[in-house]
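Note that the UniProt record's numbering has the sequence shown beginning at 1, numbered continuously upward. Yeah, the Cβ is synthetic: ideal placement off N, Cα and C, and Gly gets one too. In this text, all values refer to a predicted model and were calculated from it rather than measured experimentally. What follows is one structure encoded as structure tokens, with my remarks underneath.
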Amino acid sequence: MLDLLHADFIQLMARFDEPYRRYLHREFVRAERLSGVLGPRGVGKTTFLLQLIGETPDFLRSTLYVSLDSIHASGIQLYALADQFRKQGGRLLVLDEIHHYPDFERELKSIHDALDLQVVFSGSSALHLEHSKADLSRRAVMYAMSGLSFREYLELQIGEPFAVWPLEQVLAEHETLSLEINRRIRPLAHFGDYLKYGYFPYFRESVETYHRKLEQTLALAIDLDIPLLFKVERDKLVSLKKLLMLLCQSVPNRINISKLSAAIGSTRSTTYAYLHYLEQANILRSVWGAGRNASMLSKPEKLYLANTNNAWALCPAPPVGTLRETFFASQLAHAHALRYPAEGGDFVVDDRWLFEIGGPGKTARQVEQHDNAYLALDDIEHGRGLRVPLWMFGFLY
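As structure tokens, then:
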């Protein structure tokens, strides 16, 4: 079995060629003995793992890559495979889609504790792996992999590097920073395209089929990942998909659980559970009020699709205001905590900054009484004072 898996690995590496390095390469610590990369389907986890392998000295001899959702990996005993690989001189074992392996937590712990071997694994389901993190917390370092930022999308489109800006720098220096960017490119000329098809890397294969592929990716998350991880019966998946389409047509802060439950033929508690599953599958994003904690038995103040590409793939004409807020949330949530403010504005970030999202004509009336308040405005190249261009929040990672 090891020879067969190694042959698959060599064939894969022979075909692989992706020079672009995403933000996670700067954050990932290679020295850890057990590391996990978490993220939604299609975000580029496999590409990241193969790039790590390609940067490993003598990887043809020292490394083995196994995708645990492949046919050849079915029926393997993970610990026995790792032990045999180690005995043959292996040093790095890379396990892709590990949530397809039953009871992987126990196997990873045993490998870590008993074998002199480095392991890097990936998984698409945030909840299952986050639950596992409690058991693996003394052993594993976990990394969350987000979709492409607007900055990364521009790098792929333009072929030039752009700097990452911390949020504090954007707020303090946005006038100077926006001038520097606009001297190089016209960001607004690319921003609308990013909102439609820039979050997942496979836009490079074909823009024309991008939304069809994204629909299929979302369907796989519902049809395969959610039943696997949450034990949802197959005949209930239609209700999940119907719920998703209803949410696509709803205003983020006007979600009526009773009406949604009636529309999909479920109880309120079941609808809350479905919302939780969709969020953990990285399809939805909830924003809770200050002082409230996420709960599977209550409704968040705002509920968005996880990124603007999901909105364009699922909704025939997503409202521009919702798209703006969805973009802001998707870029900020990577490294910041988002809350819904008690009064005025759309988001509180890190319990420190208040933001109102809108178009170029938006005034500061709703936030002018608050300290550390800003307007994140669409359709402007440059800002002034508290008025910050919305596109600039796409340079945070």
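Between the Cα of residue i and the Cα atoms of the options, which residue gives the shortest distance?
{"i": "VAL94", "options": "LEU240, GLU155, LYS45", "result": "LYS45"}
{"i": "ILE53", "options": "SER74, LEU386, PHE347, PHE16", "result": "PHE16"}
{"i": "GLY39", "options": "GLU175, THR271, ASP379, ILE283", "result": "ILE283"}
{"i": "TYR210", "options": "TYR197, VAL251, LEU220, LEU218", "result": "TYR197"}
{"i": "ALA73", "options": "ARG91, ARG61, HIS6", "result": "HIS6"}
{"i": "GLU168", "options": "TRP353, ARG387, GLY383, ILE357", "result": "TRP353"}
When the Cα atoms are used, what is the spatial distance from residue i to residue j?
{"i": "PRO57", "j": "VAL29", "result": "16 Å"}
{"i": "LEU136", "j": "GLU105", "result": "7 Å"}
{"i": "PHE200", "j": "GLU368", "result": "37 Å"}
{"i": "ILE71", "j": "LEU81", "result": "16 Å"}
{"i": "ARG86", "j": "GLN118", "result": "10 Å"}
{"i": "THR271", "j": "LYS259", "result": "10 Å"}
{"i": "PHE59", "j": "LEU297", "result": "48 Å"}
{"i": "SER35", "j": "VAL141", "result": "5 Å"}
{"i": "LEU229", "j": "LEU244", "result": "18 Å"}
{"i": "ARG41", "j": "GLY345", "result": "32 Å"}
{"i": "ASP351", "j": "SER261", "result": "33 Å"}
{"i": "SER62", "j": "GLY192", "result": "44 Å"}
{"i": "LYS213", "j": "ALA311", "result": "14 Å"}
{"i": "LYS362", "j": "LEU323", "result": "16 Å"}
{"i": "ASN309", "j": "ASP83", "result": "42 Å"}
{"i": "GLN216", "j": "HIS334", "result": "24 Å"}
Where does residue i fall in DSSP's three states?
{"i": "LYS231", "result": "coil"}
{"i": "ALA144", "result": "strand"}
{"i": "ILE111", "result": "helix"}
{"i": "VAL348", "result": "strand"}
{"i": "ARG41", "result": "coil"}
{"i": "ARG106", "result": "helix"}
{"i": "ARG22", "result": "coil"}
Identify, in the order they occur along the chain, each residue of the same chain with its Cβ nearer than 6 Å to the Cβ of residue i, setting aside the five sequence neighbours on each side.
{"i": "ASP371", "result": "none"}
{"i": "HIS100", "result": "LEU68, ASP69"}
{"i": "TYR340", "result": "VAL287, GLY289, GLU301, LYS302"}
{"i": "PHE395", "result": "ARG151, TRP165"}
{"i": "LEU4", "result": "HIS72"}
{"i": "PRO102", "result": "none"}
Opposite residue i in the DSSP bridges: which residues?
{"i": "PRO389", "result": "LEU377"}
{"i": "LYS302", "result": "VAL287"}
{"i": "SER67", "result": "ASP96"}
{"i": "VAL119", "result": "LEU34, LEU93"}
{"i": "LEU354", "result": "VAL348, ALA373"}
{"i": "TYR340", "result": "GLY289"}
What residues in its chain sit with their C-beta under 7 Å from that of residue i, if we drop five residues either side in the sequence?
{"i": "ILE181", "result": "PRO187"}
Any Cβ of chain C within less than 8 Å of the Cβ of residue i?
{"i": "HIS190", "result": "No chain C appears in this structure, which consists of one protein chain only."}
Please indicate yes or no: does the CB of residue i lie closer than 7 Å to some heavy atom of the ligand NAD?
{"i": "GLY159", "result": "The ligand NAD is absent from the structure shown, which contains no ligand whatsoever."}
Take residue i and list the residues in its own chain whose beta-carbon comes closer than 8 Å to its own, dropping the five residues that flank it on each side.
{"i": "PRO360", "result": "LEU377, ASP378, ASP379, ILE380"}
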